[in-house]
Amino acid sequence: MVASIDSLRPLPCSLEGCHPATDRQNAVLFAWLYAIAVGTGGIKPCISSFGADQFDEGDAGEASTKYSFFSWFFFAINLGVLIGITLVAYIEDRNGWGWGIGISAAGTFISLLILLAGSPLYRHQRPHGRAFTRFLQVLIAACRNYAAGGASGEKTELFELKTELSDIPGVRKLQHTNQYSFLDRAAAMTTVVAIDNRWKLCTVTQVEELKSVVRVLPIWLTTIAFPFAFFHINLFTTQALATNRRLSAHFWFRRAPLRCSLPRTVSS
């Protein structure tokens, strides 16, 4: 709307200078920017995990297909970025911002219809508990048992439910591992405590969940570099303003396609 409606934009610049935006124009612009932030923030953390919920890890065929899903998922994301900064950017330069943003809005609306069309086929996993609460319970229980003189080791009896699944419905139990043995104190049955109080005694599965997160922390830390490179690549458009992009008398690079190196590399 801001790109298409003249009254929501400042007047074009002239030889005398540029006119500043009014308070009303700034209010509308920032209102839409905040709306984009809220909408994006609700989608990005959930869409990949929702896709993973569609596969049953207990089925060997579906478990292997889940890895292919994430490969195609990130390929589609970067392919969309590549089309946006090449084809859509070209249309924007030729016909104005309204056309480019309109094409993006139409694509978003079509993708929303496709998403809604598959609603009867989706698997919806109900949330059970809070992950960070379960991790905190393990840490507090381990510290409590350590302060109480509880031991840990291969001969220490560890608490686990007698059921086939864990205390989270539909989630299988995890086997005990010897790594990070200090956390095993959270499940050590060396003191008489209520077995239903997870702040004092945790299950082996709950302890192993925290161990699994600790194991992948180094991998998570290495992925920080990718968002830095991804968001800084937006500066290429500004740098292109001071760059000679002409290769011949009739051919030159536009500003936006200079950013296509990153999505093209990731897609390949």
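The UniProt record's numbering numbers the first residue of the sequence shown as 1 and each following residue consecutively. Note that CB positions come from ideal geometry on N, CA and C, so glycine has one too.
*Taking the continuous alpha helix (DSSP H) assigned at G118, which residues delimit it?*
Per DSSP, G118 belongs to no alpha helix (DSSP H) and is neither H nor E.
*In the DSSP assignment, find the unbroken alpha helix (DSSP H) run with T65 in it and report its ends.*
A60 to I83
_Considering only DSSP beta bridges, list what S14 is partnered with._
G17
*Tell me whether L247 sits in a helix, a strand or coil according to DSSP, three-state version.*
coil
*Would you give the residue range spanned by the alpha helix (DSSP H) that G41 belongs to?*
D23 to A52
*Use the C-beta contact count for E16: other C-beta atoms within 10 angstroms, 16 or more gives buried, fewer gives exposed.*
exposed
_Among C143, V171, G84 and N145, whose alpha-carbon lies nearest the alpha-carbon of R126?_
V171
_heavy atom of the ligand NAD below 7 Å from F159 C-beta_ = Absent from the structure shown: the ligand NAD. Ligands present: none.
*Helix, strand or coil: how does DSSP classify R172 here?*
R172 falls in the strand class under three-state DSSP.
_For R130 and P12, what's the separation of their Cα atoms in angstroms?_
52 Å
*Anyone know if the C-beta pair for H176 and V204 falls short of 8 Å?*
yes
*Could you tell me how far apart the beta carbons of S104 and G84 are, in whole angstroms, since I believe they sit closer than 8 Å?*
Contact between S104 and G84 holds, since their C-beta atoms are separated by about 7 Å, short of 8 Å.
_CB-CB length for L201 against A141, believed under 8 Å_ = 6 Å
*If we call anything under 8 Å between Cβ atoms a contact, is G98 one with F69?*
no
*asked:* Could you compute how far the alpha carbon of I77 sits from the alpha carbon of C143?
replied: 44 Å
*Could you check the C-alpha separation between F30 and G100 for me, to the nearest Å?*
20 Å
*Rounded to whole angstroms, how far is the Cβ of E157 from the Cβ of M189, which I believe are closer than 8 Å?*
By a beta-carbon distance limit of 8 Å, E157 contacts M189. Their separation comes to about 5 Å.
*On the premise that R198 lies in contact with Q137, defined as a C-beta separation below 8 Å, what is that separation, rounded to the nearest angstrom?*
5 Å
*Assuming A187 contacts V216 under a Cβ cut-off of 8 Å, what Cβ separation, rounded to an integer in Å, is found between them?*
Wrong, their Cβ atoms sit about 21 Å apart, outside the cutoff.
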